[in-house]
Amino acid sequence: MTRPKVAFFSFGSCEGCQLQVLSAEDALPDLLRAVEIVNFREAVDERRDDYEVAFVEGSLVRPADVEQVQGIRKRARILVALGACACLGGVNAIRNRRSVAELAREVYGGRRDGVFTTLPDASPLSSAVLVDYELRGCPIDRDEFLEAVRSLAAGTVPVTPAYAVCVECTLRGTACLLERGVPCLGGVARAGCGAVCPAYGAPCEACRGCHDVPNFEALGEAFARHGMARAVAAEKLQLFNNYREVRETWERALPSPSGT
Amino acid sequence: MGARASVTVRHLTRIEGHGNLVVEIEDGAVRRCDLEVVESPRFFEVLLKDRPWDEAPRIACRICGICSVAHATASVQAVEAALGVVPGPRLRALRRLNLAGEWLQSHVLHLGFLMAPDAFGAPSIVPLAGSHPDLVKRVLRLKRLANEICRTVSGRHVMPVSYHAGWSGYWPQVAELEALQAGLAAARADVAAFVAAFGALAWPAVERATEQVAAVEDDGAYPMMGGPLRTTAGRAAAPSAYRELLEEYLVEHSASKHVRPAGERGGGGATIRVGALARYALAHDRLHPDAAAAARRLGLDPATTNPFDAVPAQVVELVHAHAEAERLVTALLADPAPEAPVPPRRPQGGEGVGIVEAPRGTLIHDYRIGPDGRVARANCVIPTSQNLASLEADLRVFAPTLLDRPAAEITHALEMLVRAYDPCISCAVH
C-alpha cells in the first residue's frame with residue numbers, strides 16, 4: 120500500500136495544533152509509517168507540492184491567505200481544517216467587531232501602513248474553500264488527530280462527536296460548574312475534548328463550536344437560573360464563536376452583551 | 025564575486041511561525057540584513073480588552089502553542105498584581121512545576137527537533153530516527169514526560185486550563201504526583217544522554233557584545249517565575265518599571281515590534297538579548313548542582329555572548345528544569361492538600377505587571393483592570409521581539425565571514441543562526 124502524502128500549513132494561529140501533532144511522541148513512528156510528510160515547515164526542511172491530504176491550521180487573516188488556501192485546495196484531494204481558528208475563526212474573530220484601523224491604532228499607534236495587510240474579518244477556511252473534514256478544538260485533540268489520520272489512510276471517514284460537552288462531564292464525574300454559578304457553555308458546546316476544562320476548574324468556552332442541536336434560549340435561561348445575566352452566555356460565545364456566520368446561529372436567541 | 029552574496033529564504037523552516045530572511049552583501053559590506061516578519065498580527069492586546077479578568081490567562085495562552093504555560097503564568101501574575109493578590113507558596117510551587125515542564129518541553133523540542141538536524145546534517149528529525157535511534161528515542165521520551173507534567177498540573181500543555189488569580193482550578197492527586205516522580209527519576213539517564221550528545225557538538229562562533237536581560241528572582245532561585253529585571257550592563261528595574269529598561273519600537277520590515285535599551289533612541293544601535301544565554305550570564309551561580317556540572321562539562325563560559333552558545337545553555341537549563349521538577353514534585357508530595365484560595369485585596373482593579381522567564385526569555389504582560397472587572401488595557405512584551413534587533417545585528421557580523429563558501433552553505437549557516445535564537449514568531453507578532 121502506498122502511503123498517502125500529507126502536508127501541513129498554517130495561517131493566522133499560534134501553531135499549537137501542529138505542536139499537538141509533534142506531541143504524538145509514541146505514535147510518531149507509526150504515523151510516519153502510515154503517511155509520508157512532504158511539507159511541514161515547523162519541523163521539516165523539505166517542501167513539495169505533491170500532497171494528497173492537506174492539514175491546515177489557522178484563520179484567514181491576510182488577502183494572501185485566501186489565495187494560498189485556494190492553491191492548497193486545488194492540489195489536495197482532501198483538505199482537513201485543524202483547530203478552532205481554521206474551523207470557526209476562533210479567538211482571532213473576537214476582533215471582528217472592530218475596524219482594522221482601530222486595531223492598528225491600539226496596537227501600533229496606527230503607523231503600520233504597508234507592513235502587513237489584514238482582512239477586515241478573521242475567517243475560517245470554509246469562507247474561502249470547501250473543507251472536507253474538521254478537527255475541532257483549541258487545541259486539537261492529539262488522539263482525535265491520530266484517529267483521523269488512520270481513517271484517511273484506510274480510506275474511511277473520520278467520525279467526531281456531535282453531542283454536548285455536558286455528556287462528557289457526566290461520564291467523567293465532574294461536578295456541574297453552571298450549578299455553582301460559573302458561566303459554562305457545556306450545554307451547547309460540541310464534545311470530543313473529554314471535558315478537560317471543567318475538570319481543571321475552568322468553564323467550557325465552546326472552543327469546538329456548538330453541537331448539532333444547540334438550544335441557546337435554554338442556555339440563557341439556565342444562566343439566569345444560576346444568577347447570571349443571559350447576556351453573559353452571549354459574551355462567552357464571543358470567545359470562539361464570533362465569526363459572522365457562526366455568530367448568526369446564536370445572537371438572535373440571546374441578548375447582546377454591553378458594548379458589542 | 026567573492027565579495028557579493030545574496031540570500032533570500034522565504035518561510036524559514038524549523039522555527040515557530042513565518043519569517044523570511046533577506047541578506048545582501050556587496051563589496052564585502054552588508055547592504056541589507058532583515059528578518060522579515062510577515063505574519064499578520066492577531067491583535068491579542070485588543071482581544072484581551074473588555075474581557076472579564078478571569079478569562080485573561082485563557083485568552084493570553086492562545087498567543088502561542090509552544091509558550092502557552094509561560095503566557096498563562098505571566099497573564100495570571102499580571103491580573104494578581106492588578107488585584108492585589110499574593111499567591112501562596114504552594115500555588116507558586118505548582119505553577120513553577122508547570123513552567124519547568126514547559127521549559128523541558130520547549131528546550132527538548134528546540135534542541136531535538138529543530139537544532140539537532142543541523143548538527144547532524146539532516147533536514148529534519150525523521151532521518152535521525154534511523155541514524156541516531158537512541159537519541160531520538162530519548163528526545164521523544166523526555167518530550168512525553170514534559171507533556172505529562174503539564175497535563176497533570178493544568179489539564180494539557182498546549183492551552184493550560186487551571187490558571188486563576190489566587191487559586192488553581194486543579195490540584196494534582198498524590199498518585200499523579202507519584203507517577204511524575206517515578207517518570208522524572210527514570211528520565212535522569214535521558215537527560216544525561218542529552219548532555220553527552222550535545223557536548224560533543226561544535227557550533228560556529230559569532231562575537232558581538234550585547235546587553236543581556238533576565239528577570240532575576242528575589243529568593244535566590246534561578247530565573248524562572250519572574251522578579252526584578254537585571255542586565256549584564258548592571259542596570260535593574262522593578263517589574264512594574266520595565267519601561268525604564270526596555271523600549272518597544274517599530275521597524276518597516278516586521279509586523280513584530282523590536283525592543284532596545286530604553287533611552288537609546290536607536291542612534292547607537294545598542295541591542296538587548298533575552299533567553300537561556302542571558303539567564304546563564306546573570307544567574308549561573310544559582311543553577312542546580314547537576315546543571316552546573318553539565319555547564320562545566322560543556323565548557324560554557326558565563327561571559328560568552330556568542331548566540332550559538334544558547335544551544336549548550338539550553339542543554340544546561342534542560343538539566344536544571346528536570347532537577348527543579350523533581351524537587352517541586354517532592355515538595356508538593358510532602359504537603360499535597362490544595363492551598364486555600366487567596367481573595368483580591370483590591371477588587372476594584374488597577375495596574376499590574378506579570379513577568380516570567382519563558383523558555384525563550386523574559387515575557388512581560390502589563391494590564392490595567394477597571395472597576396467593572398474587565399481588562400481595560402493590555403500590553404505584551406515578547407522574548408522574540410526583544411531578540412530581533414540582536415539577531416539581525418549578529419547576522420550582519422556573521423554573514424561577511426561566510427563569503428568564501430558556496431551559496432547553499434551560506435544560506436544554511438545563516439538559517440542556523442536564526443534557529444539558535446529559538447525565535448517564536450507567532451508570539452512576537454501576536
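For the protein sequence lines, the chains are A and B, in the order given. Under my numbering, the first residue of the first sequence is numbered 120, with each subsequent residue one higher. Under my numbering, the first residue of the second sequence is numbered 25, with each subsequent residue one higher. Where is the CB? At the ideal position from N, CA and C, for every residue including glycine. Please read all numbers here as calculations on a predicted model, not as lab measurements.
Counted within 10 angstroms of its Cβ, other Cβ atoms place residue i as buried (16 or more) or exposed
i                        : result
alanine 432 of chain B   : exposed
serine 218 of chain A    : exposed
lysine 124 of chain A    : buried
glycine 244 of chain B   : exposed
arginine 255 of chain A  : buried
threonine 32 of chain B  : exposed
serine 186 of chain B    : buried
proline 239 of chain A   : exposed
histidine 35 of chain B  : exposed
aspartate 428 of chain B : exposed
alanine 293 of chain A   : One detail in the question is off: residue 293 of chain A reads as threonine in this sequence, not alanine. Its Cβ being crowded by 16 or more others within 10 Å, threonine 293 of chain A is buried.
CB-CB length for residue i against residue j, believed under 8 Å
i                        : j                        : result
valine 132 of chain B    : leucine 342 of chain B   : 7 Å
histidine 344 of chain B : tyrosine 246 of chain B  : 6 Å
valine 100 of chain B    : arginine 232 of chain B  : Not quite, the Cβ-Cβ distance comes to about 36 Å (not below 8 Å), so this is no contact.
valine 250 of chain A    : alanine 200 of chain A   : 5 Å
serine 148 of chain B    : isoleucine 90 of chain B : So it is not a contact: roughly 17 Å between Cβ atoms.
glutamate 288 of chain A : glycine 305 of chain A   : Here residue 288 of chain A turns out to be cysteine, not glutamate, going by the sequence shown. 6 Å between Cβ atoms; contact.
Residue i versus residue j: straight-line alpha-carbon distance, rounded
i                         : j                            : result
glutamate 381 of chain B  : isoleucine 296 of chain B    : 15 Å
aspartate 169 of chain A  : phenylalanine 130 of chain A : 20 Å
proline 280 of chain A    : aspartate 242 of chain B     : 49 Å
leucine 138 of chain A    : aspartate 51 of chain B      : 43 Å
glutamate 165 of chain A  : phenylalanine 159 of chain A : 8 Å
alanine 350 of chain A    : proline 376 of chain A       : 5 Å
proline 365 of chain B    : serine 192 of chain B        : 8 Å
proline 447 of chain B    : alanine 341 of chain A       : 45 Å
proline 374 of chain A    : valine 240 of chain B        : 48 Å
lysine 73 of chain B      : proline 302 of chain A       : 19 Å
leucine 456 of chain B    : leucine 123 of chain B       : Absent from the model: residue 456 of chain B. The displayed extent of chain B is 25 to 454, so no value can be given.
valine 276 of chain A     : alanine 153 of chain A       : 16 Å
alanine 302 of chain B    : glutamine 236 of chain B     : 5 Å
arginine 114 of chain B   : arginine 120 of chain B      : 9 Å
glutamate 286 of chain A  : aspartate 314 of chain B     : One detail in the question is off: residue 286 of chain A reads as valine in this sequence, not glutamate. If I take the Cα positions, the gap works out to 47 Å.
isoleucine 393 of chain B : histidine 188 of chain B     : 15 Å
CB contact check: residue i to chain A, cutoff 9 Å
i                         : result
cysteine 57 of chain B    : no
asparagine 44 of chain B  : no
asparagine 122 of chain B : no
threonine 37 of chain B   : yes
isoleucine 173 of chain B : no
leucine 283 of chain B    : Looking at the sequence provided, one finds valine at residue 283 of chain B rather than leucine. Chain A contact via Cβ: absent.
isoleucine 90 of chain B  : yes
arginine 114 of chain B   : no
Three-state class that DSSP yields for residue i in the structure shown
i                            : result
arginine 309 of chain A      : strand
phenylalanine 422 of chain B : helix
glycine 136 of chain B       : helix
aspartate 158 of chain B     : helix
glutamate 241 of chain B     : coil
tyrosine 170 of chain A      : coil
phenylalanine 159 of chain A : strand
aspartate 149 of chain A     : helix
valine 230 of chain B        : coil
asparagine 334 of chain A    : coil
valine 399 of chain B        : strand
glutamate 364 of chain A     : helix
alanine 294 of chain B       : coil
leucine 249 of chain A       : coil
aspartate 359 of chain B     : coil
Interface flag, residue i vs chain B, CB-CB below 9 Å
i                         : result
aspartate 251 of chain A  : no
valine 315 of chain A     : yes
isoleucine 213 of chain A : yes
cysteine 257 of chain A   : yes
cysteine 206 of chain A   : no
aspartate 240 of chain A  : no
glutamine 189 of chain A  : no
glycine 346 of chain A    : no
proline 148 of chain A    : yes
tyrosine 319 of chain A   : yes
tyrosine 170 of chain A   : no
leucine 201 of chain A    : no
glutamate 364 of chain A  : no
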